[in-house]
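Novice:
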Amino acid sequence: MKVRIMSKRLHKSEIVAYAQGCARLFEEKKGIDVVLLNMMGIHSYFDYFLICTGNSLIHCRALAREAQKYFRNNGLHERMKSKLDSPWIVLDYNEIILHIFTEEMRAFYQLEKLWADAEKLKF
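Residues are numbered in our numbering as their position in the sequence shown, beginning at 1, plus a constant of 5.
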């Protein structure tokens, strides 16, 4: 099955590989409690959630910029321009949605509990 992420056609296994690569990048950049959720079968609009916590707004912004660079270097582009000065940064790569939180915002919204039926993927 082929899916389209902006200008580049990808196979499902490639989408997973990019999501896992970004999760590893977050860990390398000292992201806290990185979680990759498989949303297929739970939600029809997107396939994967990548959730991460930064230790400050500046750290969250740096994580977002690293993710943008990672995806751009792989030929993938955001669906829309994201606001990076927020305690909850969302980067939309169609099938892969990145959520970068401050600790307080992640505790408040608890996305992992909201989507508790989603399978956690290893990376």
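Positions of the beta carbon are idealized from the N, C-alpha and C atoms, including for glycine.
Computed from a prediction, not measured in an experiment: that's the story for all the values here.
(1) Based on the DSSP output, what are the partners of TRP93 in its beta bridges?
(2) Would you tell me roughly how many angstroms separate the C-alpha atoms of LYS74 and ASP122, rounded to the nearest one?
(3) Could you tell me the distance, in whole angstroms, from the CA atom of CYS57 to the CA atom of GLU33?
(4) Looking at LEU41 and ALA24, is the spacing between their C-beta atoms short of 7 angstroms?
(5) Just confirm the distance between the C-beta atoms of LEU96 and ALA72, as a whole number of angstroms; I'd bet it's less than 8 angstroms.
(6) Find the nearest neighbour of TYR98 within the set ALA28, MET85 and GLU109, judged by alpha-carbon distance.
(7) Taking its Cβ as the centre, do 16 or more other Cβ atoms sit within 10 Å of LEU46, making it buried, or is it exposed?
(8) Give the range of the alpha helix (DSSP H) segment to which LYS118 is assigned.
Specialist: Taking the coordinates as given:
(1) PHE106
(2) 31 angstroms
(3) 12 angstroms
(4) yes
(5) 6 angstroms
(6) MET85
(7) Residue identity check: residue 46 is Gly in the sequence provided, not Leu. The residue is exposed, with fewer than 16 neighbouring Cβ atoms inside 10 Å.
(8) 116 to 119
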